[in-house]
Amino acid sequence: MYPDVDTTRERPVVTRIAPSPTGTMHIGTARTALFNWLYARGRGGRFLLRIEDTDRARSTPEATSAILRGLRWLGLDWDGDAVSQFDRRHRHAEVAHEMLTRGSAYKCFSTQEEIEAFRAAAEAEKRSSLFRSPWRDADPATHPDAPFVIRMRAPLDGQTIINDHVQGRVTIRNETLDDMVVLRSDGTPTYMLAVVVDDHDMEVSHVIRGDDHLNNAARQQMVYDAMGWALPVWAHIPLIFGPDGKKLSKRHGATGVEEYQAMGYPAAGMRNYLTRLGWSHGDDELFSTQKALAWFDLSGIGRAPARLDFKKLDSICGRHIAAMDDAALLHELEAFLAATGRPALTPATREAMLSAMYCLKDRAKTYVELIDMAHFLLVARPVLPDGASASALTPDALTMLAELTPRLQNASWTKADLEAFLTDVATARGLGFGKLAAPLRTALAGRTVSPSVYDMMLVLGRDESVARLLDAGDAARIRSEP
RNA sequence: GGCCCGUUCGUCUAUCGGUUAGGACACCAGGUUUUCAACCUGUAAAGAGGGGUUCGACUCCCCUACGGGCUGCCA
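In the working numbering, the protein residues as written are 2 to 483.
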């Protein structure tokens, strides 16, 4: 019934993401947005945003702003203003009436109670529960003066073929579809109508969306056909599952993009991971957004649902953080601090952070870990050692620090010289450097985990380092006094 | 129930009829090492099951099993 037209013919590339504002921005929605963005931006096309808010009961402004924030965080910029589907309801109704005059739709006066009763009976008798409206072929002259919905007059036989660029040729027999409602009795459009009208009016050329819409595509294609509109290229991508292979839900932990932002994952790493989830370009695993834009294509999308793997996300994000330019990383970090309500950096800590970035970024997979690793430069004297690190301050260790500290006053303050000097100190006592590093780390950072002691001394500088070592000695002395 | 889609190491995936089925993450065993991270080396690990088609199937077809989606005056 529908010829295999080449829908990829010359036509400007326009994609869109059309989330419904009924909660947080789901990670799956974010990935769909990313695919659409990559496809359009990689081809000089446009990427649009439409808020599908026709369900007035469930749509909230808060959810809309969460969507905007999520897209912005991921760096997925859209063209023009976000379109409100609800605002276009009159246009949708206009098309519904156009379908009426064209004879491709009809008024149905069946009440919801009648339909529900029919479905219940059909289920009970194990018959098809497809509702066949008795008004489909009724003479308009006999129509009552009563509320009605407008239904699509869908073909009863034949088949509808979805030429899907991910799933392949999908054939659906028309007899398995009923006459869907396109305009509700209150005059508002249903999703099935609105999505087609909007995509057409917005000149969307490629519809890349979750494969939960694959079946819907057949019914939507009937609307395109009824209106004589050019079909978009269909690409129905598999959904994302939780680590256990079940549909991603709250019990898996993070489902909203803002939760990932709060956990400190860098946007570039998220883009990389999400792009690779369900799409591939040979064996390439780690890539920049520029590469993704150049490589992304519908042919690389897999047909099976993919599971979220936090370990891999961690790994990818860690590599992105390590590869980032220090200044850019600092900028991102400050944005993270602001977005999550953490205290901002002071001019002094900002400078220290920048100079320390080289020894911090290799050790962190998230900004949370980065901040944690930077603890030594964020705390002010006196550094209070935590329980685990305090145990390194044994009497012997304190003696060693006390001897060493004055000599640090005129030591050469470079990594190589400090390393030589401190190694000598430890060796002179017949100890491995580890025995000396532990108390040094405690005095400098107050933690058992930190960057290398040399790096901390370099970042802190001579005065601050010496002062911290003296503090540690003082504190121990005070503790040991009765 | 009906219809539609899917199924390669634990996970993400490569392969587009001919490979010892490759890579990455995770794991395990070593190495490096001042902690952590990183890094290096190595081990183990897969075509859901059954039928076809073919000289030859992970790859094409069918059936089954399992998973998912749709079946709303939700989107």
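Even for Gly, the Cβ is constructed at its ideal location relative to N, Cα and C.
- Message: Going residue by residue through the segment 213-256, where are the continuous alpha helix (DSSP H) segments of at least 4 residues, counting only ones entirely within it?
- Response: If one requires a minimum length of 4 residues, the alpha helix (DSSP H) runs lying completely within the segment 213-256 are 215-228, in chain order.
- From the DSSP output, in three-state form, read off Ser85 for me. Looking at Ser85 - three-state DSSP - the assignment turns out to be strand.
- Item | Proximal residues to Asp310 (C-beta, below 6 Å), its chain only, five neighbours per side dropped | Residues of the same chain with their beta carbon placed closer than 6 Å to that of Asp310 are lacking, with the five preceding and five following residues left out of the count.
- With a cut-off of 8 Å on the beta carbons, I'd call Cys360 and Asp456 a contact; round off their distance for me. Confirmed, about 4 Å.
- Since Ala393 is in the beta strand (DSSP E), which residue starts that stretch and which ends it? Ala393 -> no beta strand (DSSP E), and no H or E assigned at all.
- Query: Just curious, the alpha helix (DSSP H) that Arg174 is in, first and last residue?
  - Reply: Going by DSSP, Arg174 is part of no alpha helix (DSSP H) but of the beta strand (DSSP E) stretching over Gly169 to Arg174.
- Message: Please return the same chain residues whose Cβ sits closer than 6 Å to the Cβ of Ala473, not counting the five positions on each side in sequence.
- Response: The answer, listed in chain order, is Ala444.
- Query: Just how far apart, CA to CA, sit Thr30 and Arg304?
  - Reply: Just so you know, the alpha carbons of Thr30 and Arg304 end up roughly 17 Å apart.
- State yes or no: is the C-beta of Val369 within less than 8 Å of the C-beta of Gly254? Not closer than 8 Å, so no.
- Task: Report yes or no: do three or more beta-carbon pairs, one from the segment 76-91 and one from the segment 123-143, lie closer than 8 Å?
- Result: With the cut-off at 8 Å, the segment 76-91 and the segment 123-143 do not touch.
- Item | Any 3 or more C-beta pairs closer than 8 Å across the segment 171-190 and the segment 97-113 | Yes, the segment 171-190 is in contact with the segment 97-113.
- Message: According to DSSP, is Val6 part of a helix, a strand, or is it coil?
- Response: In this predicted model, Val6 has a pLDDT of only 40, less than 50, meaning its place in the structure is not dependable; the value taken from the coordinates is given anyway. The answer is coil: DSSP assigns Val6 none of H, G, I, E or B.
- Item | Length of the line joining the Cα atoms of Leu409 and Arg463 | For Leu409 and Arg463, the distance between alpha carbons rounds to 8 Å.
- My guess is that Thr189 and Arg90 are in contact by the Cβ rule of under 8 Å, so how many angstroms apart are they, rounded? Separation of the CB atoms of Thr189 and Arg90 is rounded to 6 Å, and the pair is thereby assigned contact status at 8 Å.
- Task: Following the continuous alpha helix (DSSP H) through Val380, name the residue where it begins and the one where it ends.
- Result: Annotation for Val380: no alpha helix (DSSP H) segment contains it, and DSSP assigns it neither H nor E.
- Task: Report, in whole angstroms, the separation of the C-beta atoms of Asp56 and Ser21, which I expect to be a contact under 8 Å.
- Result: Contact flag correct, Cβ pair sits at about 7 Å.
- Are the Cβ atoms of His237 and Val167 separated by less than 8 Å? A contact, by the Cβ cut-off of 8 Å.
- Item | Reduced DSSP category for Leu432 - H, G, I as helix; E, B as strand; rest coil | For Leu432, the secondary structure class from DSSP, reduced to helix, strand or coil, is coil.
- Query: Could you check where the beta strand (DSSP E) with Tyr107 kicks off and where it finishes?
  - Reply: From DSSP, the beta strand (DSSP E) with Tyr107 extends over Ala106 to Cys109.
- Around the Cβ of Lys366, are there at least 16 other Cβ atoms within 10 angstroms (buried) or fewer (exposed)? That one is buried.
- DSSP-derived helix/strand/coil call for His201: Annotated three-state conformation of His201 is helix, per DSSP.
- Secondary structure of Pro483, DSSP reduced to three states: Unreliable positioning characterises Pro483 in this predicted model, as indicated by a pLDDT of 49, which lies under 50. A coordinate reading is not provided.
- Task: Buried or exposed for Ala1, please, with buried defined as at least 16 other CB atoms from any protein chain shown within 10 angstroms of its CB.
- Result: Nothing can be reported for residue 1, as the shown portion of the chain is limited to 2 through 483.
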